[in-house]
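J.:
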Amino acid sequence: MMKKYYLGIDLGGTRIKMGIVSDGRVTSRRIVPASSASGLEASLPLLQQEINSLVAAQPDGSGQLAGIGLAFPGLVNTRTKRILSTNAKYDDAPSLNLEEWVTKNWELPFCIDNDARMATVGEWKYGAGKDTDDLVAVTIGTGIGTSAVIGGQLLRGKHFQAGCLGGHFTIQVNGRPCSCGNNGCVEAHGSTWSLAGIIREHALFPSSILAGAEVLDFSTLFKAASAKDPLAGEVLQYSLDVWSAGIVNLIHAYDPEVVVIGGGVLHSADQILPYIREKVKQHAWTPWGTVQIRPTQLAEDAGILGIVHMLQYPL
Ligand SMILES: [Zn+2]
Numbered sequence: 382m383m384k385k386y387y388l389g390i391d392l393g394g395t396r397i398k399m400g401i402v403s404d405g406r407v408t409s410r411r412i413v414p415a416s417s418a419s420g421l422e423a424s425l426p427l428l429q430q431e432i433n434s435l436v437a438a439q440p441d442g443s444g445q446l447a448g449i450g451l452a453f454p455g456l457v458n459t460r461t462k463r464i465l466s467t468n469a470k471y472d473d474a475p476s477l478n479l480e481e482w483v484t485k486n487w488e489l490p491f492c493i494d495n496d497a498r499m500a501t502v503g504e505w506k507y508g509a510g511k512d513t514d515d516l517v518a519v520t521i522g523t524g525i526g527t528s529a530v531i532g533g534q535l536l537r538g539k540h541f542q543a544g545c546l547g548g549h550f551t552i553q554v555n556g557r558p559c560s561c562g563n564n565g566c567v568e569a570h571g572s573t574w575s576l577a578g579i580i581r582e583h584a585l586f587p588s589s590i591l592a593g594a595e596v597l598d599f600s601t602l603f604k605a606a607s608a609k610d611p612l613a614g615e616v617l618q619y620s621l622d623v624w625s626a627g628i629v630n631l632i633h634a635y636d637p638e639v640v641v642i643g644g645g646v647l648h649s650a651d652q653i654l655p656y657i658r659e660k661v662k663q664h665a666w667t668p669w670g671t672v673q674i675r676p677t678q679l680a681e682d683a684g685i686l687g688i689v690h691m692l693q694y695p696l
């Protein structure tokens with residue numbers, strides 16, 4: 382008899398990641414570019430086509446597909462399975478009924494939750510946080526996603542936003558305006574969407590090698606900093622301090638034993654983790670010991686494994 386499998390979708394702002402999951406492992410994956418600015422409804426036909434083709438490529442086709450889970454970049458009511466609020470990605474999503482869409486097309490169980498929360502569940506159950514019931518996961522990418530597990534309880538809160546807004550902790554009063562309406566958020570000072578503005582407004586920009594760069598993202602920044610570009614060095618140092626401050630805030634808020642860091646910047650983990658560990662040691666108030674700062678073990682698969690876990694064992 383063929384084994385049952387599940388489909389997990391991690392809907393990012395720039396990429397849609399899909400994976401077939403069986404026994405807590407992603408057995409095949411597909412990544413397609415996303416156009417989150419044009420909305421979710423406009424993306425559904427592509428999503429449907431990609432799901433069908435990924436499923437058709439399985440040895441037994443769709444016969445053993447047992448459910449579809451979606452990790453979404455916004456606030457989600459996990460009971461009604463409706464999206465409550467978005468922030469500059471798929472802004473039409475609250476008007477859509479995705480459960481109806483899944484039922485109509487596949488007649489399968491469906492679940493949906495916040496993407497960073499699902500990355501946290503993935504790391505907790507299958508990745509870098511398997512040995513603890515008290516963890517926070519942070520994903521540094523286009524935005525900064527966070528979520529927390531306390532004493533084995535996944536935080537959701539009355540309005541489904543508990544733990545998810547760590548990227549919008551204020552780290553600088555009167556700081557840069559954020560897309561969320563607040564000023565001085567971790568995201569507004571340390572995410573990919575805010576990085577280009579920070580670099581361009583810097584006094585050293587005209588003389589920096591970054592002035593000739595086609596894309597201003599963290600990978601370009603790390604390269605320029607390694608090449609001793611003064612602006613890149615300064616902005617990188619600033620970003621490290623922003624992430625460290627954000628993580629100290631998360632530790633003070635949620636009392637974790639482990640903080641798992643994921644996202645694109647982890648490609649330069651050697652340049653990041655030792656610094657953050659030292660900062661946390663100096664600045665976090667944890668008289669019981671030291672919070673462990675660990676890199677993601679699941680990388681791109683974290684959200685997919687988390688949402689599929691939720692389909693099988695609702696938390
Ligand atoms: Zn914000």
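The working numbering puts the first residue of the sequence shown at 382, with every later residue one more than the last. Ideal placement from N, C-alpha and C gives every residue a C-beta, glycine not left out.
Looking at chain B, is there any beta carbon in it that lies within less than 9 angstroms of the beta carbon of GLU595?
T.: Absence of chain B from the displayed structure is noted, only one protein chain being present.
J.: Take GLY547 as the anchor and find which of LYS539, PRO655 and ASN563 has the nearest alpha-carbon.
T.: That would be ASN563, whose Cα lies nearest to the Cα of GLY547.
J.: Would you call the CB atoms of THR523 and TRP574 closer than 9 angstroms?
T.: Yes, these two residues count as a Cβ contact at 9 angstroms.
J.: How big is the Cα-Cα spacing for GLY508 and PRO587?
T.: Cα-Cα distance, rounded: 43 angstroms.
J.: Does the beta-carbon of HIS540 have 16 or more other beta-carbons within 10 angstroms, so that it is buried, or is it exposed?
T.: That one is exposed.
J.: Which of the three DSSP states, helix, strand or coil, is assigned to ARG406?
T.: Strand at ARG406.
J.: For ligand 1, is there any heavy atom lying closer than 8 angstroms to the beta carbon of GLU357?
T.: Since the first residue of the chain shown is 382 and the last is 696, residue 357 is not available in this structure.
J.: How would you write the range of the beta strand (DSSP E) that GLY455 sits in, first residue to last?
T.: Where GLY455 is concerned, the enclosing beta strand (DSSP E) stretches over 455–458.
J.: I'd like the list of long-range same chain contacts for SER560, defined as Cβ closer than 6 angstroms, with 5 residues on each side in sequence excluded.
T.: Only ASN468 and ALA469 meet the Cβ criterion.
J.: Kindly indicate which three-state DSSP category ASP622 falls into: helix, strand or coil?
T.: Reduced to three states, the DSSP call for ASP622 is helix.
J.: In angstroms, rounded to a whole number, what distance separates the CA positions of VAL672 and ALA543?
T.: Each residue's alpha carbon lies about 21 angstroms from the other.
J.: Assign ASN495 to one of two classes, buried (16 or more other C-beta atoms within 10 Å of its C-beta) or exposed (fewer than that).
T.: The residue is buried, with at least 16 neighbouring Cβ atoms inside 10 Å.
J.: Relative to ligand 1, what is the chain-ordered list of residues with a Cβ closer than 6 angstroms to any of its non-hydrogen atoms?
T.: So the residues near ligand 1 by this Cβ test are HIS549, CYS559, CYS561, ASN563, CYS566, GLU568 and ALA569.
J.: Under the DSSP definition of a beta bridge, which residues are partnered with TYR387?
T.: Partner(s): VAL402.
J.: Measuring only the C-alpha atoms, how far is THR552 from SER403?
T.: In the sequence as presented, Thr is not what sits at residue 552; that position holds Ile. Rounded to the nearest angstrom, the two C-alpha atoms are 41 angstroms apart.
J.: Would you call the segment 479–490 in contact with the segment 599–610, where contact means no fewer than 3 C-beta pairs closer than 8 angstroms?
T.: In short, these stretches do not touch, since the Cβ pair count stays below three.
J.: Quick check on ALA452: buried or exposed, where buried means 16 or more other Cβ atoms within 10 Å of its Cβ?
T.: Label assigned to ALA452: buried.
J.: Would you report the Cα separation of THR501 and LEU479, rounded to the nearest angstrom?
T.: Near 23 angstroms, if we compare the C-alpha coordinates of LEU479 and THR501.
J.: Can you list, in chain order, the residues of its chain with a C-beta nearer than 7 angstroms to that of GLU681? Leave out the 5 residues immediately preceding and following it.
T.: So the list reads LYS398, once near-sequence residues are dropped.
J.: Going straight from the alpha carbon of GLY684 to that of PRO676, what length do you get?
T.: Looking at the two C-alpha atoms, the distance is approximately 15 angstroms.
J.: Which whole runs of the alpha helix (DSSP H) in the segment 510–574 are 4 residues long or more, in chain order?
T.: Runs found: 567–571.
J.: Excluding the 5 residues preceding and the 5 following VAL646 in the sequence, name in chain order all residues of the same chain whose CB lies nearer than 7 angstroms to its CB.
T.: Result list for VAL646: ILE521, PHE599 and ILE653, in chain order.
J.: Pull up the distance between the alpha-carbon of ARG396 and that of HIS633, whole angstroms please.
T.: Each residue's alpha carbon lies about 32 angstroms from the other.
J.: Between the beta-carbon of LYS506 and the beta-carbon of LEU388, is there less than 9 angstroms?
T.: No.
J.: By DSSP's criteria, ASP494 is part of a beta bridge. Which residues make up the other side?
T.: ASP494 pairs with ALA452.
J.: Cα-Cα, which of THR459, TYR694, ALA529 and VAL596 is closest to ILE628?
T.: Of the listed residues, the one whose Cα sits closest to ILE628 is ALA529.
J.: Can you tell me which of the three DSSP states THR667 falls into?
T.: Coil at THR667, not helix or strand.
J.: Given a cut-off of 9 angstroms on the beta-carbon distance, is the pair ILE580 and VAL616 in contact?
T.: Yes.
J.: Starting from SER434, follow the alpha helix (DSSP H) in both directions and report where the run begins and ends.
T.: SER434 -> alpha helix (DSSP H) spans 425–437.
J.: Tell me whether ASP391 is buried or exposed, calling it buried when 16 or more other Cβ atoms sit within 10 Å of its Cβ.
T.: Buried, since its Cβ has 16 or more Cβ neighbours within 10 Å.
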